[in-house]
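In this text, residue positions in the sequence shown follow our numbering: the first is 92, and each later residue adds one.
Cβ atoms here follow ideal geometry from the backbone N, Cα and C, with glycine treated the same way.
Structure first, then comments.
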Amino acid sequence: MSRAEWIGLVCLPAALLISFLDVGLSFIPLGLFILACIVLPFFPQSSFFLPVICRGSSGKKAVALTFDDGPDPLSTPELLDLLSKHGVKATFFVTGKRALANPDLMKKILSQGHGLGNHTYSHDCLFALRSTKRMLQEIESTQNILRGFGIRCLAFRPPVGITSPRLRKSMRQMDGMVIGFSCRALDRGNRCVSGLAKKILDRVRPDDIILLHDIGPKDHSIRSLWFEEVESLLSGLKEKELTVLALSALIGRPIMMRDENS
Numbered sequence: 092m093s094r095a096e097w098i099g100l101v102c103l104p105a106a107l108l109i110s111f112l113d114v115g116l117s118f119i120p121l122g123l124f125i126l127a128c129i130v131l132p133f134f135p136q137s138s139f140f141l142p143v144i145c146r147g148s149s150g151k152k153a154v155a156l157t158f159d160d161g162p163d164p165l166s167t168p169e170l171l172d173l174l175s176k177h178g179v180k181a182t183f184f185v186t187g188k189r190a191l192a193n194p195d196l197m198k199k200i201l202s203q204g205h206g207l208g209n210h211t212y213s214h215d216c217l218f219a220l221r222s223t224k225r226m227l228q229e230i231e232s233t234q235n236i237l238r239g240f241g242i243r244c245l246a247f248r249p250p251v252g253i254t255s256p257r258l259r260k261s262m263r264q265m266d267g268m269v270i271g272f273s274c275r276a277l278d279r280g281n282r283c284v285s286g287l288a289k290k291i292l293d294r295v296r297p298d299d300i301i302l303l304h305d306i307g308p309k310d311h312s313i314r315s316l317w318f319e320e321v322e323s324l325l326s327g328l329k330e331k332e333l334t335v336l337a338l339s340a341l342i343g344r345p346i347m348m349r350d351e352n353s
C-alpha cells in the first residue's frame, strides 16, 4: 500500500468523525489530503504514490552520477571522453526518440560500460497527467528501442521526476523500478550551468544519486562552460573522497539486463 493510500485511509475517517462535531471542520483533513496529492508528487523522495529510489544503500563514501534526456551529439561524445578520463561509470536515462536517432552514441555508451535507464519516448513534461494507456505507450516504446541495443531496462525515471498513481501499473508491466535523485544543481536541463559543480559539491552526501543532464547547449561558450563544470564536479568529488560508483552498485540492484532475445 502506498503512502498516498495510507494517508487517505487516515484522512477520510478523520473527516467523518470530525463531521459529527462540526461539518465545516471536516474539510480540513480532506483539504490536507488533496494538498498532499498535489504537492508531494513533485518531491520524489516522498515516495507518495509508489516507491521511488532516491538514495543509495551502499553505506560507503560514494555517489552515483545520472544523466537525463540524451543522447545528444552536442554533448554525449565529449561527456563520455570526460567520464573515461576520470575512470567513472554513469547511468544515462535516455529518451526513446533520441536513442532511435543516435544509435552510434547508444552503442558507445554501452561499450564503455555505462548503464542505461528508460526516460520515456518523448520526454512529455505533462507525463504524470497522462492516461495509463499513454504512459504505457511512452515507456514500452522506449523499452522496445532499447531491446534493439541488446538490453532490457529495469530502471525508469519520469520526466521532471514527477510521479502519479497511474505510474504504478506501468511499473508492474515493465517489471521495473522508479529511480529519483537526492542531489541536483537545478540546471534546468543545462540552461543554467554556471556554478553547477559548486552547487552540487556544497550539498552532496554519501549515497547520493546525483541528477545531471546530457543535453548540449547550442551556444558553444555555454557548452564549453558545462564541460568545465562537469570536470570540476568530478575533481571535486575526488577531493571530498567520494567515490563515484555505478548506480547499480550504489543501490544494490541491477538497473538493466542483457536481452538474450534481441
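**Item:** Where N235 sits in the DSSP three-state scheme
**Value:** Counting from 1 along the sequence shown, the entry for residue 235 is found at position 144. N235: helix per DSSP, three-state reduction.
**Request:** Inspect the beta-carbon positions of T186 and A219 and report whether they are closer than 8 Å.
**Result:** Here residue 186 is taken as the residue at index 95 of the sequence shown, counted from 1. Here residue 219 is taken as the residue at index 128 of the sequence shown, counted from 1. Result no, Cβ atoms of T186 and A219 do not sit closer than 8 Å.
**Prompt:** Hey, is the stretch 155 to 170 in contact with the stretch 127 to 140, meaning 3+ C-beta pairs nearer than 8 Å?
**Reply:** no
**Item:** Simplified DSSP state of S211, which is helix, strand or coil
**Value:** As a position in the sequence shown, residue 211 is number 120, starting the count at 1. Contrary to the premise, residue 211 reads as Thr rather than Ser in this sequence. T211 falls in the coil class under three-state DSSP.
**Contained alpha helix (DSSP H) runs [length at least 4] in the stretch 221 to 283, N- to C-terminal order** = 223 to 238, 258 to 265
**Item:** Rounded Cβ spacing between T182 and H205 (contact assumed at less than 8 Å)
**Value:** Residue numbering aside, residue 182 sits at position 91 when the sequence shown is read from its first letter. Residue numbering aside, residue 205 sits at position 114 when the sequence shown is read from its first letter. Right, their Cβ atoms sit about 7 Å apart.
**Prompt:** Cβ atoms of M262 and L141: under 8 Å apart, would you say?
**Reply:** Here residue 141 is taken as the residue at index 50 of the sequence shown, counted from 1. Here residue 262 is taken as the residue at index 171 of the sequence shown, counted from 1. Result yes, Cβ atoms of L141 and M262 sit closer than 8 Å.
**Request:** Consult DSSP for A153 and reduce its assignment to one of helix, strand or coil.
**Result:** The residue labelled residue 153 in the question sits at position 62 within the sequence shown. It is a strand residue.
**Asked** If you draw a straight line from the alpha carbon of L174 to that of A127, how long is it in whole angstroms?
**Response** Within the sequence shown, residue 174 is the residue found at index 83, counting from 1. Within the sequence shown, residue 127 is the residue found at index 36, counting from 1. Cα to Cα, the separation comes out at about 39 Å.
**Prompt:** Is D293 closer than 8 Å to L287 when the C-beta atoms are compared?
**Reply:** The residue labelled residue 287 in the question sits at position 196 within the sequence shown. The residue labelled residue 293 in the question sits at position 202 within the sequence shown. Going by C-beta atoms, L287 is not nearer than 8 Å to D293.
**Item:** Buried versus exposed, by CB contacts within 10 Å (16 or more), D305
**Value:** The residue labelled residue 305 in the question sits at position 214 within the sequence shown. Result: buried.
**Prompt:** Short check: CB of L325 to CB of V143, under 8 Å?
**Reply:** The residue you call residue 325 lines up with position 234 of the sequence shown. The residue you call residue 143 lines up with position 52 of the sequence shown. No. Outside cutoff.
**Message:** Is the beta carbon of M347 closer than 8 Å to that of R259?
**Reply:** Walking along the sequence shown from the start, residue 259 turns up at place 168. Walking along the sequence shown from the start, residue 347 turns up at place 256. Cβ atoms of R259 and M347: not closer than 8 Å.
**Alpha carbon of P297 to alpha carbon of K224, nearest angstrom** = Numbered from its first residue, the sequence shown carries residue 297 at position 206. Numbered from its first residue, the sequence shown carries residue 224 at position 133. Answer to the nearest angstrom: the Cα atoms are 38 Å apart.
**Prompt:** Candidates R349, G343, R314: which alpha carbon is nearest G147's?
**Reply:** As a working note, residue 147 is residue 56 in the sequence shown. Residue G343 is the option with its Cα nearest to G147.
**Prompt:** Assuming L123 and C102 make a contact with CB atoms under 8 Å, what is their CB distance in whole Å?
**Reply:** Taking the first residue of the sequence shown as 1, we reach residue 123 at position 32. Taking the first residue of the sequence shown as 1, we reach residue 102 at position 11. That belief holds up - the Cβ atoms of L123 and C102 are roughly 6 Å apart, short of 8 Å.
**Prompt:** Skipping 5 residues on each side, what residues in its chain have a beta carbon closer than 8 Å to that of A190?
**Reply:** Looking up residue 190 in the sequence shown gives position 99. Excluding sequence neighbours, A190 sits near P162, M197, T233, I236, L237, F240.
**Request:** Please report how far the alpha carbon of P256 lies from the alpha carbon of E96, in whole angstroms.
**Result:** Counted from its first residue, the sequence shown places residue 256 at position 165. Counted from its first residue, the sequence shown places residue 96 at position 5. Cα to Cα, the separation comes out at about 10 Å.
**Request:** Please list, in chain order, all residues of the same chain as C216 whose beta carbon is under 8 Å from its beta carbon, the five residues on each side excluded.
**Result:** Walking along the sequence shown from the start, residue 216 turns up at place 125. Within the same chain, C216 has close Cβ partners P250, V251.
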